[in-house]
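Asker:
Residue numbers (our numbering): 24 to 327.
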């Protein structure tokens, strides 16, 4: 479905303001477990999140009044339904100012993919507007605003290797792993986050999977091989047997000498880790030859 053409004249009002261009990295989960269902109907998670260099590009111009947000992706809403619009509106309400912005988003990160692209865009927009409007909001306030927008947003305020608990807002930095490259395959089918959580059937509190300790030890010792072999995602454990095409992608990585492979978030992107860029390029080329052309293929590094 194509988006309607926009009137170029609506940008003219912004030309007296300089354009600000910023990027927002995506992420994947080295570890993800869901350990309880909360009283607020959210879930209690324990996750280790790793940023990746694959990013969206955002173009921002200040205006005298309203907020406008556009994207170049047909599956992502413009305007108030976009999380970037909501971020701009939220920080404006927090500060009580009336200034506006026009933001155009160039999507590079696959959407609805478990990679946190929208959350990253929202977080980086909060940071840019805090700076542009000289609001001097505290880190604690920024985390609170981010948490109102989404569970992953606080992480992207300072995207470094982190252990995240609660809904994702309780963040503890961890030692980053050695540099690696990631091949990302996003199949054409979506996975509903609501359905994925229902499939977990979490009914009571339990401790996180034992691999959490193993992964933290691998990070502390800069053991890339040990890290790759210890990746864990409870959604992968539950969904792989139910979705044959997901199993095919995971097996592709398992059979092609990767350091490890894992579903990111609740999917549907699967990530395979290798040590070098040439290995990543070769693996991505092999994946393109084996999987349907409507799958998306990306490579990225964790050195951002």
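Think of the CB as a built atom: it goes at the ideal place given N, C-alpha and C, for glycine as much as any other residue.
Per DSSP, which residues does residue 87 bridge with? Please list them.
Answerer: Answer is none; residue 87 lacks a bridge partner.
Asker: Could you tell me the distance, in whole angstroms, from the CA atom of residue 131 to the CA atom of residue 79?
Answerer: Rounded to whole angstroms, residue 131 to residue 79 spans 5 Å at the Cα level.
Asker: Helix, strand or coil: which one does DSSP assign to residue 286?
Answerer: strand
Asker: Check the DSSP bridge columns for residue 129 and list the partner residues they point to.
Answerer: 80
Asker: Below 8 Å on the Cβ atoms is my guess for residue 205 versus residue 295; work out the distance and round it to an integer in Å.
Answerer: Confirmed, about 7 Å.
Asker: Excluding the 5 residues flanking residue 44 on each side, which residues of the same chain have their C-beta closer than 6 Å to its C-beta?
Answerer: Within the same chain, Cβ atoms closer than 6 Å to the Cβ of residue 44 are found at 82, the five residues on either side in sequence being excluded.
Asker: Thinking C-alpha only, which one of 41, 71, 326, 231 is nearest residue 191?
Answerer: 71
Asker: In terms of alpha-carbon separation, which member of 52, 91, 290 lies closest to residue 210?
Answerer: 290
Asker: Given this structure, state the Cα-to-Cα distance separating residue 137 from residue 255, to the nearest angstrom.
Answerer: Each residue's Cα considered, the two are about 15 Å apart.
Asker: Name the DSSP beta bridge partners of residue 54, please?
Answerer: 71, 255
Asker: From residue 189 to residue 267, what does the alpha carbon distance come to, in whole angstroms?
Answerer: 31 Å
Asker: In chain order, what residues of the same chain lie with their CB nearer than 6 Å to the CB of residue 276, ignoring the 5 residues before and after it?
Answerer: 284, 295
Asker: When DSSP labels each residue in this structure, what does residue 148 get in the three-state scheme?
Answerer: helix
Asker: In angstroms, rounded to a whole number, what distance separates the CA positions of residue 321 and residue 58?
Answerer: 31 Å
Asker: Buried or exposed for residue 307, please, with buried defined as at least 16 other CB atoms from any protein chain shown within 10 angstroms of its CB.
Answerer: buried
Asker: Output the distance between the C-alpha atoms of residue 297 and residue 286, rounded to the nearest integer angstrom.
Answerer: 15 Å
Asker: Please say whether residue 182 and residue 50 have beta carbons closer to each other than 8 Å?
Answerer: yes
Asker: Going along the chain, which unbroken runs of the beta strand (DSSP E) with 3 or more residues stay wholly within the stretch 300-325?
Answerer: Segments of the beta strand (DSSP E) lying fully in the stretch 300-325: 319-324.
Asker: Apart from the five residues just before and just after residue 216, which ones in its own chain have a Cβ nearer than 6 Å to its Cβ?
Answerer: Only 289 meet the Cβ criterion.
Asker: Residue 179 and residue 194 - do their beta-carbons sit closer together than 8 Å?
Answerer: no
Asker: Go ahead and pull the three-state DSSP assignment for residue 59.
Answerer: strand
Asker: Looking at residue 176 and residue 126, is the spacing between their C-beta atoms short of 8 Å?
Answerer: no
Asker: Return yes when the Cβ of residue 207 is within less than 8 Å of the Cβ of residue 110, no when it is not.
Answerer: no
Asker: Which residues in the same chain have their Cβ closer than 8 Å to the Cβ of residue 270, if we skip the five residues on either side of it in sequence?
Answerer: 263, 264
Asker: Grouping DSSP H, G and I as helix and E and B as strand, with all else coil, what is residue 193?
Answerer: Three-state DSSP puts residue 193 in a strand.
Asker: Starting from the Cα of residue 42, find the closest Cα among 120, 128, 74, 53 and give me that residue.
Answerer: 128
Asker: Is residue 111 helix, strand or coil by DSSP?
Answerer: helix
Asker: Alpha carbon to alpha carbon, how far is residue 219 from residue 113?
Answerer: 29 Å
Asker: Taking residue 218 as part of the alpha helix (DSSP H), name the residues at either end of that continuous run.
Answerer: Counting along the chain, the alpha helix (DSSP H) containing residue 218 begins and ends at 216-223.
Asker: Determine the burial state of residue 212: buried for a count of at least 16 other Cβ atoms within 10 Å of its Cβ, exposed for fewer.
Answerer: exposed
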